[in-house]
Structures are given as structure tokens and as C-alpha cells.
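In the UniProt record's numbering, the protein residues as written are 1 to 236.
In C-alpha cells:
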């Protein structure tokens, strides 16, 4: 263990040597480089390819100091989508909605009401049809039991309007998926089986006919679009 006086003497000598050095070192700020094989450091022209340092980054194992590591992996969120199998006899709650397109015109789309989903979704075709502005994201979609159901790369925002109540409107954030679900219902259903609905104004008058689902409205908006009251028909 060196004495304090010896350490001070050593440092003085090092300072003298460095002060008399004739090397012209131009300092430049650290810059983010797109090329991982060429990361600029303190001295101009010091590239990883030419560097004689034998170490590597402890995070990515590339040939640069750990202090220069740049995290480029986007943050990953996770949401749950209700993807339970629908039987041939089951009827899901569907509704016809209006969404304003990029030209300011209202476009009629068909939506599925699903309180089992954490958030809302919209199909890629509907997004293109409406001309909605897409914002990049990286959100993993999990289904029933935590199974992986896909990844949403974009999220959009739109104004949802009702076909039945002109004063109703609300902003919805929806993740973009290639496809929401299969045709619903899977098979044609006889409307005569729903006598208790004959004199009711329906949100989806063609609920008994198989059709495409453009939007899924999840728990984030489900109770805002649902009316109070319930009509129950006969069993079966």
C-alpha cells in the first residue's frame, strides 16, 4: 500500500507528463450513431472497428463500453383481449356505429361490444377506409388464459357517434389489428326466434345476418355506449 505522500508525488509526475504532451486531441460531444459498428467516443476518428480495446459491453456484448450502450428496444405494453370461442347458437352484442373519416364524412361500421377486452380495437381495413392517422406502438395482445393472440403495431384515435342519438359522441383510442374476428354470427339466425325484439329499435338491425366486424369496443368504453335496461327472451 503506497503512502499518501508517494501517491501525491506520482500524480504530480503524471500531470507534468500529460501537460507536455504534443498530441492534438479534439474533443467532440458523444453522438448517437445509427451504425452499431461505428460509435463515436471522446476523440474524433475513434471508431469501434479500429479500437484496440479488448472489452465488450456487458448489456449487448458488442465491442463498446457499457457506458456507451444505447437502448433501442421499444417499451412493450400488454393488454388483454377476449378471444373465447363462439358457438353456432351464441349471439354476440353488435352495433352499427358512425366514425368520421379523414374527409369529414361519417362512415357506417359494425362494432362488437366486448367487456371482456381491456381496450378497444379496429381492423386494418377500417383504418385504411377511414384514413385514420396511425401512431406507432408495440403492444402484445393476450387472449383467454394469457395465451399470445398477436401484437398491435399501431394505435389510432377516432370520434364514435351513434346512429340513434345524434347528440352522443365520444373519443376512442383503438389498437389496430389485421382482423378483429370472424363473421358474426357464424350462421344465419331466424329473426322469428326473437319475438321480444320486434318492437324495439335495435342498434344493429341486421344482428341475425353474418357480417364483418370492423371495431371491437372493450371495457374502456363498453359501459358508456350501453343503455340501461335488459330484455330477456325465451330460453334456447
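C-beta: ideal position from N, C-alpha, C; glycine also. Nothing here was measured: the structure is a model prediction, and the numbers come from that model.
For residue 98, the pairing in a beta bridge is given by DSSP as 108 and 161. If you ignore the 5 residues before and after residue 219, its C-beta comes within less than 7 Å of the C-beta of 115, 117 and 118, all in its own chain and listed in chain order. Membership of residue 225 in the alpha helix (DSSP H) is indicated by the continuous run 222 to 225. By the Cβ rule, the region 97 to 116 counts as touching the region 196 to 216, because three or more pairs are nearer than 8 Å. Assignment of beta-bridge partners to residue 113 by DSSP yields 217. DSSP lists 175 and 216 as the beta-bridge partner residues of residue 121.
Residue 131 and residue 102 have their C-alpha atoms spaced approximately 5 Å apart.
Membership of residue 193 in any beta strand (DSSP E) is not indicated, and neither H nor E is assigned to it by DSSP. In this structure, the beta-carbon distance from residue 172 to residue 154 does not fall below 8 Å. Residue 97 sits away from residue 159, with the two beta carbons spaced by 8 Å or more.
Per DSSP, residue 166 lies in no beta strand (DSSP E) segment and is marked neither H nor E.
Here residue 93 has 113 as same chain residues with Cβ atoms under 6 Å from its own Cβ, once five neighbours each way along the sequence are excluded.
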